[in-house]
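Engineer: Here the numbering used here is used: the first residue of the sequence shown is 1, the next is one more, and so on.
Here a beta-carbon is modelled for each residue, glycine too, at the ideal position from N, C-alpha and C.
Quick caveat: nothing in here was measured; it's all calculated off a predicted structure.
What follows is a structure written as structure tokens; I'll ask about it next.
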Amino acid sequence: TGGQTDVFFGSFAEALKKGTDIGGGPIMLIVVSLVSIVAAGVLWLELVIRAALLYVGALLGIVVYAGLVDKNMWGHVRRWAGIMIAVIMVKPVIVIVLGLAGALSAGDGPDAFSAVVSGLAIILLAIFASAMIYRFVPGFGDEIQGARTNRKQATDGAQAAALISSPAALVSQGIKTHS
């Protein structure tokens, strides 16, 4: 997307450079410009942190997967794998959002107000779409693990109840308890 920056944000940048037809005068121009700078900075910071997390994940991957030897560490490995999937999926989601924005803005140039609104919407949508990935992916598989645990507990309880199914078994258990 580096070569297509003008396609995505060309009309947005032109509208902010001219400073006309936004509405609200210079104060509104300052506010919109500051929001744009902060949103672009957050998106850039998100991509920098993603790159750093990929390097750290590559370095620690061998150590984390060594945790698969211990059954008690499986939950931690699953959480780490979910986080790494989320980190990997952030950039494709941002590229898809920016690609859709490029397709939408490929027509005739809009007026300044709609260019500013669509530019801010593109940046904010890219930020929040990647945040949704971080929200949902690390919990991947938790429901399956919970169902297995519940089934195992239910089965253990059923087996214990089956041992005390007759009066003779109840008397035998009482004798063993007090012996």
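If distances are taken between C-alpha atoms only, which option among Val31, Leu43, Asn150 and Gly146 comes closest to Val95?
Structural biologist: Cα-wise, what sits closest to Val95 is Leu43.
Engineer: Considering Cα atoms alone, identify which of Asn72, Trp74 and Ile88 is closest to Ala51.
Structural biologist: For Ala51, the nearest C-alpha among the options comes from Ile88.
Engineer: Hey, Leu124 and Ala39: beta-carbon distance below 9 Å or not?
Structural biologist: In this structure, Ala39 lies closer than 9 Å to Leu124 by Cβ.
Engineer: Looking at Leu47 and Val77, is the spacing between their C-beta atoms short of 9 Å?
Structural biologist: No, the pair does not count as a contact, with Cβ atoms beyond the cut-off.
Engineer: Taking C-alpha atoms, which residue in Asn72, Trp80, Val69 and Gly25 lies nearest to Leu59?
Structural biologist: Here the closest residue by C-alpha is Trp80.
Engineer: What residue does the alpha helix (DSSP H) around Gly28 start on, and which one ends it?
Structural biologist: It should be pointed out that residue 28 corresponds to Met in this sequence rather than to Gly. Here the alpha helix (DSSP H) through Met28 covers Gly25 to Ala66.
Engineer: Just mark Ile230 as buried or exposed, buried being the case when its beta carbon has 16 or more other beta carbons within 10 Å.
Structural biologist: Nothing about residue 230 can be read from this structure; the chain reaches only from 1 to 179.
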